[in-house]
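Asker:
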Amino acid sequence: MRIAICDDEILQLELLKHYVQQWAKEKGINCNIELFQSAEAFHFEWLEDFSYDIILLDIQMAELSGIELAKLIREKDKHIQIIFVTAIPDYIGEGYDVDAINYLIKPISEEKLRECLNKAINKKEIQPKSILIEIDGGVHRIYEDSIMYLEIEGHELFIHQEDKTISIRKPLSEMEDLLTIEEFIKPHRSYLVALKYIKYIDSKKITLKNRTTIPISRGNSKEVQRKFFDYFKRDVK
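Using the numbering used here, read the sequence shown as starting at 124 and increasing by one per residue.
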């Protein structure tokens, strides 16, 4: 688990780090804790891969505030768990738009922090599966439910999501091993399609909800339609 602590006070950073380490040790959680003294520093690091699980975020910081940073995070990452830290109770309530776990009022109670961290990991456990992909020397987290379909062209694999497409050099078969295969269908040797994004299937093609069409291999139509019907029946139960 990767946890960030962002506060412009060094003593506060070290105290929170100690509390988190004690909590992780008691829970038996392998935890990588990273400290940041400004919102900008965290934002720069986070943009590399979006791979943080939890952030403890001070609200009052110079330049970019904790609230402003949280809004930037939520534009791209709906799954990171945000816990605000503040010395001013008046700020409580400003974080509802970013789905914060809670607010911790300084001086921080170790017991209250533990409660927030427990709540955060409970929410993480019910969130969709994610996979880690190496891209341009960095590691990126991709949530499985954001993948519409995968497409292979030569040695290039394209991961098509709702808002972007990522290109990597990896065989399609390796991605099949990483994903929950019951949630996907392979209509053609060059494609792996998420069942949840399918709108319509005929004998020759799949039409996705965004109107993208994907070919079905000759002789594969009946099997593709059967799997889609099975998924649909399971999904509506």
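Every residue gets a Cβ at the ideal spot worked out from N, C-alpha and C, and that includes glycine.
Note that the structure is a prediction, hence the values are computed from the model and not measured.
With 16 other CB atoms within 10 Å as the buried threshold, where does F352 fall?
Answerer: The residue in question, F352, is exposed, as its Cβ has fewer than 16 Cβ neighbours within 10 Å.
Asker: What number of angstroms, rounded off, separates the C-alpha of K309 from the C-alpha of C129?
Answerer: One C-alpha to the other measures close to 43 Å.
Asker: Would you check if the distance between the CB atom of I265 and the CB atom of L273 is smaller than 7 Å?
Answerer: Their beta carbons are not under 7 Å apart, which means I265 does not touch L273 by this criterion.
Asker: Within the same chain, show all residues whose beta-carbon is closer than 6 Å to that of L187, passing over the 5 residues directly before and after it, in chain order.
Answerer: Excluding sequence neighbours, L187 sits near A162, E163.
Asker: The alpha helix (DSSP H) that contains Q145, what's its start and end?
Answerer: Per DSSP, Q145 belongs to the alpha helix (DSSP H) from 133-150.
Asker: Which of the three DSSP states, helix, strand or coil, is assigned to F281?
Answerer: If DSSP states are grouped into helix, strand and coil, F281 belongs with the strands.
Asker: Classify K360: buried if its beta carbon has 16 or more other beta carbons within 10 angstroms, exposed otherwise.
Answerer: Residue confidence is low: K360 scores 49 on pLDDT, short of 50, so the model does not pin down where it sits. Its coordinate-derived value is still stated next. Its Cβ having fewer than 16 others within 10 Å, K360 is exposed.
Asker: By Cβ distance, which residues of its chain are closer than 6 Å to S340, with the 5 residues on each side in sequence left out?
Answerer: So the qualifying residues of the chain are H311.
Asker: Check whether chain C comes within 7 Å of V143, counting only Cβ atoms and requiring the distance to be less than that.
Answerer: Of the chains in the structure shown, none is chain C; there is only one protein chain.
Asker: V347 bridges to which residues according to DSSP?
Answerer: Paired residues: none, contrary to the question.
Asker: Quick one: Cα of I258 to Cα of R292, how far?
Answerer: Distance between the alpha carbons of I258 and R292 is about 9 Å.
Asker: Under 8 Å by Cβ, that's how I've got M271 and Q284 pegged, so tell me the actual separation to the nearest angstrom.
Answerer: Yes, M271 and Q284 are in contact; Cβ-Cβ is about 6 Å, under 8 Å.
Asker: Hey, how far is the Cα of M124 from the Cα of K327?
Answerer: Cα-Cα distance, rounded: 44 Å.
Asker: With I206 and A127 assumed to form a contact (beta carbons below 8 Å), what rounded beta-carbon distance in angstroms separates them?
Answerer: The Cβ separation is near 10 Å, so there is no contact.
Asker: Tell me, which residues are paired with N245 by DSSP?
Answerer: According to DSSP, N245 bridges with nothing at all.
Asker: Is it the case that the Cβ atoms of I329 and V316 are separated by a distance below 7 Å?
Answerer: Yes, they are a contact pair.
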